[in-house]
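As you go down the protein sequences, you meet chains A and B in turn.
Residue 1 is where the first sequence starts when you use the UniProt record's numbering, and the numbers rise one by one after that.
Residue 1 is where the second sequence starts when you use the UniProt record's numbering, and the numbers rise one by one after that.
Every residue, glycine too, gets a C-beta built ideally from N, C-alpha and C.
This report refers to the structure that appears directly beneath it.
Number of protein chains: 2
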Amino acid sequence: MNQDYIKADNWSIIEEGFDAERVKSSESLFSIGNGAMGQRANFEEYYSGKTFQGSYIAGIYYPDKTKVGWWKNGYPEYFAKVLNAPNWIGIDIEINNEVFDLAKCKTVANFKRELNMKEGIYYRSFSATLQNGLEISVKVTRFLSLDIDELGVINFEITPLNGDAKIVYKPYIDAGVHNEDANWEEKFWEPLNVQHSNNEAFVTARTFKTHFTATTFMQNTILLNGSNVNASPINIEKNNEKVQFSYEINVAKEQTATIQKLGGYTVSLNHENTQVAAQNVIAEGLKIGYTNLKENQIQAWAKIWEMSDITINGDVKAQQGIRFNIFQLNQTYLGKDSRLNIGPKGFTGEKYGGSTYWDTEAYCIPFYMATKDQQVARNLLTYRYNQLDKAIENAGKLGFKNGAALYPMVTMNGEECHNEWEITFEEIHRNGAIAFAIFNYHRFTGDYSYIPEKGLEVLIGIARFWHQRATYSTYRNQYVILGVTGPNEYENNVNNNFYTNYLAKWCIDYAVEQINKVEKEYTSDYSRIMSKVNLDNAEIAHWKAVADNMYFPYSKEHDVYLQQDGFLDKELVKVHDLDKSQRPINQKWSWDRILRSPYIKQADTLQGFYFFEDHFTKEQLEKHFDFYEPFTVHESSLSPCVHSIQAATLDRMEQAYTFYLRTSRLDLDDYNKEVEEGCHITSMAGTWMSIVEGFGGMRVKNDTLHFEPKIPSQWQGYSFKINFRNQILKVEVQQNETKFSLEGNKEITVFVNGKEVLVEPNSLVTV
Amino acid sequence: MNQDYIKADNWSIIEEGFDAERVKSSESLFSIGNGAMGQRANFEEYYSGKTFQGSYIAGIYYPDKTKVGWWKNGYPEYFAKVLNAPNWIGIDIEINNEVFDLAKCKTVANFKRELNMKEGIYYRSFSATLQNGLEISVKVTRFLSLDIDELGVINFEITPLNGDAKIVYKPYIDAGVHNEDANWEEKFWEPLNVQHSNNEAFVTARTFKTHFTATTFMQNTILLNGSNVNASPINIEKNNEKVQFSYEINVAKEQTATIQKLGGYTVSLNHENTQVAAQNVIAEGLKIGYTNLKENQIQAWAKIWEMSDITINGDVKAQQGIRFNIFQLNQTYLGKDSRLNIGPKGFTGEKYGGSTYWDTEAYCIPFYMATKDQQVARNLLTYRYNQLDKAIENAGKLGFKNGAALYPMVTMNGEECHNEWEITFEEIHRNGAIAFAIFNYHRFTGDYSYIPEKGLEVLIGIARFWHQRATYSTYRNQYVILGVTGPNEYENNVNNNFYTNYLAKWCIDYAVEQINKVEKEYTSDYSRIMSKVNLDNAEIAHWKAVADNMYFPYSKEHDVYLQQDGFLDKELVKVHDLDKSQRPINQKWSWDRILRSPYIKQADTLQGFYFFEDHFTKEQLEKHFDFYEPFTVHESSLSPCVHSIQAATLDRMEQAYTFYLRTSRLDLDDYNKEVEEGCHITSMAGTWMSIVEGFGGMRVKNDTLHFEPKIPSQWQGYSFKINFRNQILKVEVQQNETKFSLEGNKEITVFVNGKEVLVEPNSLVTV
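Take a look at the structure:
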């Protein structure tokens, strides 16, 4: 736990004091991104201490050769790794002939990092005494432009405090980088070309195998006390992958020498000629100028916050937590490009590889759907539609036929790139989340057009998979689903996971409903799709047989659905009664012990109750929550949010609040002692859900918004906005009342605790 | 399948004709060994074609750093690999200045390999036309001395047929070898010292990490037409790991130039100073001389065959098969050294690593017990006793306490060195086989002394493990064993595998019985052990609670025990109805598909019926055989033998014969298309059991031998010998009668088909 290390603040993430042991954690927490690229908060200058260097470009990946101990049939040959991109931020510094290195200074004082989330700008400042006795004050400002998303900006100021100084700024760009997460220590980038002229430089490199080309660029301006001195490099070093300029500037005591570095990437995903594109980006950046770039950045973030902010009054840590989550989600994905998706670590690290997990459909889409234009969610759905052929191929590798689709557990381009049989081959519930997201999109946006245009083909591929994957048990005279891993990855290769079976049945039922609806209402789409997928009524009847006769494990004694067959055979000792020294079990116990224990990594049966709340009574939810929650260890980042929502639904506000804090400050407080590897991005959308769906009780039923507002006793009030079908509804919940107001042009009716409430444009309704 | 490639012959394995594609397979099949070392049938001379070079020393291994995709808690850091030892057989050859290379000859004719199993000698001969037009005839003889088990002998003869020749023999020894099976392509040997004098040379090298030192040595003698020409090297090349001599000899047409090379290894397991030891071995070898060494070899093998041969009349392929199995078992392990064990590939390859699996206890001990002095089986038991502390440590790593022992799945020195969670952590039935072997040893030999001296401590550690590993299911009000892999590795992480549960119960019951017996009859051993293991009656009562109340999955409908919970949920399509194109499923199907199928890799429930035949009626055996055999794909080498025995027990002789052929000729006919990786050594003991226990129906009950002789219709007769309590009983079965005769000094009573028969020394009894 990192608790109290990050200063509580409503709008900023703040670290005070330099602690070499915290550098890697802070590099994760202070990461910046603009949807198109992002980077860890590495120092610009040389640093000899422990660091994890990382800069990432959306959509650019590397298929690393798979590493396994024992090969299993069906494993992919390659694993798409999040690819550390060339370094554009680097600025080596020499001061009075000493290499400036924070790890080597005599003293470092007033060290402060501030990630100003309101502005989308990362600040760092400190004073230091060098080995040579010179005291300096340093201020660094860095941001990745939202407006020009190929451009990053650094303003690096040094002021000598106790003497004059000769400062050499040595900015560089370097494609000679390696991945922390590499299976075989191979190089992933092949340098192609290094060019420079005046104060600009370009390193063009290409990924091996995938052949993405990226031009990394920089442009440097030197200022003295804020005025451009029109400096040129006094020296240029280059090799085939790196170029470094040296600028020398003599500064009198208490004067300030500044380097402004523009940098970034232009890539072959977006440009024919990446170097020309880079030149254009530099030209545009220079035309706007540093001050305006910074001002524009603040404006652009203001626009994002205008829509997506959640305010919490009376609880600074809770406020900081939710804003950190919303900020990171927006840094990671802005929804402009349907080729992109939301990686589990965003731009903050490399772990896990791949950019797309079922997290997108189960956790992220609700956030983007409610805080952005609905096109964003549609882009996320389209991403999967575009990968349908690969999902069919993937299913084919596992022996499925006739257009059955199995979406991969982890992917960059639609191909499976995970290799652990119990997950890769068996955590098939992911397929259901993809169908559920289509349903959820339509439920929320009312936009049915996606289904006849694209979604129905996906639903058919998924229904085919479930039909083929189910087994008819003559013994039970029902269909069973054998050998799966549910969302609770602390069980492997189990039979009849309730969540999976329930979702499978629902997927088939939903697909059949949509086929019937499209047949009636979208005749030409229907003909096009049916001739493409070659589906007939006989096949649909076979699907229905599976859905209508699916087996669900159930305990009469406890009156609950069982997580899987045999769950009751376990030694049912509650987490509460487990010795604390045994936690977290994923660090303390061998894998077999975890597997035969009753402990649940993340919501599993309860995930089903979350998706299909309407299918069950509140009493059923309560019974299942009371049965499963005591065995849940929440060792997945995706767990506390679902429990927070359900605790709130069950009016257990203290529990809901505890889960909320855990989900919202997971990384800030480093609950799992692993934040130095990067932040948990996708679960951050779960934090948003905890407030809006949990405390706010927001649901969409019959094309109408419903709320059951609740508020933790610790808070004075909270507010959020929902983009509901192109009207923006603001909800402000206080201890005794809830206020609704509307930015839009036509009234809407919402239900508050079951009571109809009319909200008219630009007027406040208090309930 | 390799069928008909190896010529049918009663006593030899014969290959005729040179086929470069078969070289690696033949290298496995023609391997030689003497229990202390062994090697693949690699050519002595340089060969540029595809080859798998391998020479191995018993007890010398390397802990290779584990390679996994996704680390699981509990995995060992290192995996003990079968270690390719330095090369001592190498003899490069130049003939009229051309490097002789079978892959480059213009023609190769009359190529023949013969592994004469009666003699224990490997012969190779051929004629060839070199690129330079010279025709030569070559004869090579090689063997590893049984009498001097550190010594190998090569006699290499070349006769030019169509002209005179200058022949340069360039024998070498070389520690610069690598393992085919290496996780990280690292070097495993560190060269220490290279020495030579006269015609002798020594390369001393040490394994990294384990620090085994081995001196590899050679001594060379050159002969012309059979007479020693007292040649000295004309050239000596050496570096820090290799030394190579050159001998030049001019040979007239049709004269014969021979090199006799003595070589081998002396190792720090057996000697303080390995080089001095090597010098002694050479001196002894030279003293005896080539002709006598060869003669002694034939005599030594005759002694082995005298006791362990099985004859089969009227079926050459069946005869060749069983002799190949007996021969390979004796090449691999002779039982002299309790530090050694029986690796799954013996000295024929590296695959799987480790030298000790449960194969030893379940399959090999019966063979060694009946064909060797009983000390050999006792040595194999002692091997596990000596590793008890490591087994307790191993259990500790998985969370078990208080002296519970879990023997490793794979080991060299007692430490677990396998890393696949579903096997390493869950294939725990192996522990039961180790207890069963103690019971079986006592049953067969009548030697109880092993139990108070050593065995009881092992039984206690194992009983403690099962007690702790079982879980009390309040739901069933019985003990269950969750999350295991049975002998059928096509199921992973199942609950209540019948075989495992049954064995666990038996282990506890048997341990308690032995504790009680030792308490009464071996008081001082009892006190010693009890104070060492700190066991009291309360603990024993806890064990008994588990054993007395163990749950076994059972189907009323089928009246069979179920392989595991949920087996009946599977789609029960019999192997017979499976499309042939889908076989073998381990090559054609993805792992998840195999897991959810009903297909059984090897006897599982039936393995339990094999161990505990007496606990069940013949009707029960028949019911279970009929239920499980149709789902068994026999994709493990350990499967057909058990089925052959049970088919014979059930009087299904055609089926028993088919299984017998499959087990006995598994490698010769290359059923699994993998013999080039090495032979399946441990399953060869199963072949022996198929005849003796299957066809012969041999059992030991109440200290007496029982037989129910049967004979396949394809055979005229077969015979085998049994060392039963230091008397040798010979059994000859013919279509209509069985003859018994005894080498020993006191009569014994046996039961034949339930009828008492008295066999007196040196007289033949016909039944």
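Rounded separation between residue i and residue j - CA only
{"i": "residue 486(B)", "j": "residue 494(B)", "result": "8 Å"}
{"i": "residue 231(B)", "j": "residue 243(B)", "result": "17 Å"}
{"i": "residue 67(B)", "j": "residue 76(B)", "result": "10 Å"}
{"i": "residue 704(A)", "j": "residue 742(A)", "result": "15 Å"}
{"i": "residue 214(B)", "j": "residue 335(B)", "result": "22 Å"}
{"i": "residue 558(B)", "j": "residue 520(A)", "result": "49 Å"}
{"i": "residue 437(A)", "j": "residue 524(A)", "result": "24 Å"}
{"i": "residue 329(B)", "j": "residue 481(A)", "result": "44 Å"}
{"i": "residue 509(B)", "j": "residue 547(B)", "result": "7 Å"}
{"i": "residue 489(B)", "j": "residue 602(B)", "result": "8 Å"}
{"i": "residue 26(A)", "j": "residue 696(A)", "result": "32 Å"}
Proximity to residue i [Cα-Cα], best of the options
{"i": "residue 219(A)", "options": "236(A), 206(A) and 260(A)", "result": "260(A)"}
{"i": "residue 465(B)", "options": "432(B), 455(B) and 497(B)", "result": "432(B)"}
{"i": "residue 442(A)", "options": "143(A), 34(A), 725(A) and 284(A)", "result": "725(A)"}
{"i": "residue 591(A)", "options": "169(B), 87(B), 419(B) and 262(B)", "result": "419(B)"}
{"i": "residue 187(A)", "options": "469(A), 172(A) and 205(A)", "result": "205(A)"}
{"i": "residue 380(A)", "options": "359(A), 170(A), 659(A) and 578(A)", "result": "359(A)"}
{"i": "residue 535(B)", "options": "577(B), 549(B), 574(B) and 461(B)", "result": "461(B)"}
{"i": "residue 233(B)", "options": "245(B), 499(B) and 297(B)", "result": "245(B)"}
Residue i (DSSP reduced to helix, strand or coil)
{"i": "residue 558(A)", "result": "coil"}
{"i": "residue 686(A)", "result": "helix"}
{"i": "residue 581(A)", "result": "helix"}
{"i": "residue 777(A)", "result": "The structure shown has nothing for residue 777(A), since chain A only spans 1 to 767."}
{"i": "residue 34(B)", "result": "coil"}
{"i": "residue 454(B)", "result": "helix"}
{"i": "residue 621(B)", "result": "helix"}
{"i": "residue 318(A)", "result": "helix"}
{"i": "residue 564(A)", "result": "coil"}
{"i": "residue 226(B)", "result": "coil"}
{"i": "residue 714(A)", "result": "coil"}
CB-CB length for residue i against residue j, believed under 8 Å
{"i": "residue 199(A)", "j": "residue 290(A)", "result": "With a Cβ gap of about 14 Å, residue 199(A) and residue 290(A) do not count as contacting."}
{"i": "residue 192(B)", "j": "residue 165(B)", "result": "With 8 Å as the limit, residue 192(B) and residue 165(B) do not qualify as a contact, their Cβ atoms being about 38 Å apart."}
{"i": "residue 208(A)", "j": "residue 190(A)", "result": "6 Å"}
{"i": "residue 270(A)", "j": "residue 717(A)", "result": "That belief does not hold up - the Cβ atoms of residue 270(A) and residue 717(A) are roughly 43 Å apart, past 8 Å."}
{"i": "residue 153(B)", "j": "residue 293(B)", "result": "5 Å"}
{"i": "residue 633(B)", "j": "residue 584(B)", "result": "7 Å"}
6 Å Cβ shell around residue i - same chain, five flanking residues per side excluded
{"i": "residue 352(B)", "result": "344"}
{"i": "residue 456(B)", "result": "514, 518 and 529"}
{"i": "residue 195(A)", "result": "202"}
{"i": "residue 110(A)", "result": "126 and 127"}
Contact set for residue i: own chain, Cβ-Cβ below 8 Å, skip 5 residues either direction
{"i": "residue 104(B)", "result": "48 and 131"}
Close Cβ partners of residue i (< 7 Å) along its chain, the five nearest in sequence each way excluded
{"i": "residue 568(A)", "result": "555 and 562"}
{"i": "residue 98(A)", "result": "130, 131 and 132"}
{"i": "residue 8(B)", "result": "316, 317 and 320"}
Any non-hydrogen atom of the ligand SAH within 7 Å of residue i CB
{"i": "residue 62(B)", "result": "Ligands are entirely absent from the displayed structure, and the ligand SAH is therefore not among its contents."}
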